[in-house]
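Step one of this worksheet: look at the structure below.
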Amino acid sequence: MEIRLDNKVALVTGASSGIGLAIAQALAACGAKVCINYRADAAEAARAVDAITSAGGSAFAVQADVSDQAQVSAMFAQLESRWVKADILVNCAGTDGKAALSWEADAAEWKKVIEVNLFGAFYCAQQALLGMTKKKSGVIVNITSVHETIAWTGYSAYTSSKAALSMLTKTLAQEAAPFGVRVLAVAPGAIQTDINKAVWSNPASLHDLQHKIPLARMGQTREIADMVAVLVSDTGSYITGTTVFIDGGMTDYPDFAQGG
């Protein structure tokens, strides 16, 4: 079975590196035109565009801080002026913030995580749905995390934002379904990227992490990207309002394999 997204226009936020870049490349490889959103590193975004175009795909980059509603509106305007309204939106931009116990956390930093991870996804979804509901087609994928269900000491803002994003996904899916639009979430587990290099490059911390995963390995960005491509295609046409966990079984709580 071949996944094709020909003539589709996709916007992927946080797409200049890591999981977002892998998703952008996968969608482009399936034939979609891809708008790569980035927040700060223009050179990194340019390399991402080059990687797609050199492989025969179509892409361009747009700078926007998704936590700023005005910048999100401007980003969608740029996309529509260059191509057309988005058929696919992947909300991948996110941050985990600084580690701190809740009662010691800086309120401004805590708020910023919520603004990026939750408000940012909402702002982008709102803009996308304005077009998708009118043409009665489209797919939105919100990238959450296993931490939408698993607590993580020191990261209360991150876990709260991802849990909230899960419920936002369900609500948007319920609202958009009568208009032929699907909204779902993908929850990665421990995925090997540059951001968490300090973990997987250290044998002790890597072993500890692998112990938390039934498949006993970290995931690769392509494993997230390939599933997103499937879900936004016609192959996933009956999937909406749910979270697909891609976590090697992490949410299966492997410590309980030997009893409670």
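Residue numbers (my numbering): 15 to 274.
Glycine included, C-beta positions come from ideal geometry on N, C-alpha and C.
Note that the structure is a prediction, hence the values are computed from the model and not measured.
Secondary structure of residue i, DSSP reduced to three states
i, result
"T249", "helix"
"K112", "coil"
"P217", "helix"
"R53", "coil"
"V244", "helix"
"A142", "helix"
"I238", "helix"
"S72", "strand"
Rounded C-alpha distance that separates residue i from residue j
i, j, result
"G255", "I37", "20 Å"
"A88", "N131", "19 Å"
"T207", "W97", "31 Å"
"A69", "A121", "44 Å"
"A230", "F90", "40 Å"
"L198", "T249", "14 Å"
"L179", "T67", "32 Å"
"R61", "R53", "14 Å"
"L213", "A57", "As written in the sequence, residue 213 is Val, which differs from the Leu given in the question. Each residue's alpha carbon lies about 26 Å from the other."
Same chain, Cβ closer than 7 Å to residue i, neighbours up to 5 away in sequence not counted
i, result
"L103", "L25, C138, A139, A142 and I154"
"E123", "G111 and K112"
Integer-rounded CB distance, given that residue j should sit under 8 Å from residue i
i, j, result
"D269", "V160", "So it is not a contact: roughly 14 Å between Cβ atoms."
"G28", "N51", "7 Å"
"G168", "L115", "6 Å"
"A65", "Q83", "Going by Cβ atoms, the distance from A65 to Q83 rounds to 30 Å, so no, they are not a contact pair."
beta-carbon residue i near the ligand SAM non-hydrogen atom, thresh 7 Å
i, result
"V155", "Ligands are entirely absent from the displayed structure, and the ligand SAM is therefore not among its contents."
Close-in-space but distant-in-sequence residues of the same chain around residue i (CB under 6 Å, 5 per side omitted)
i, result
"Q92", "V76"
Limits of the unbroken alpha helix (DSSP H) element including residue i
i, result
"F90", "Q83 to R96"
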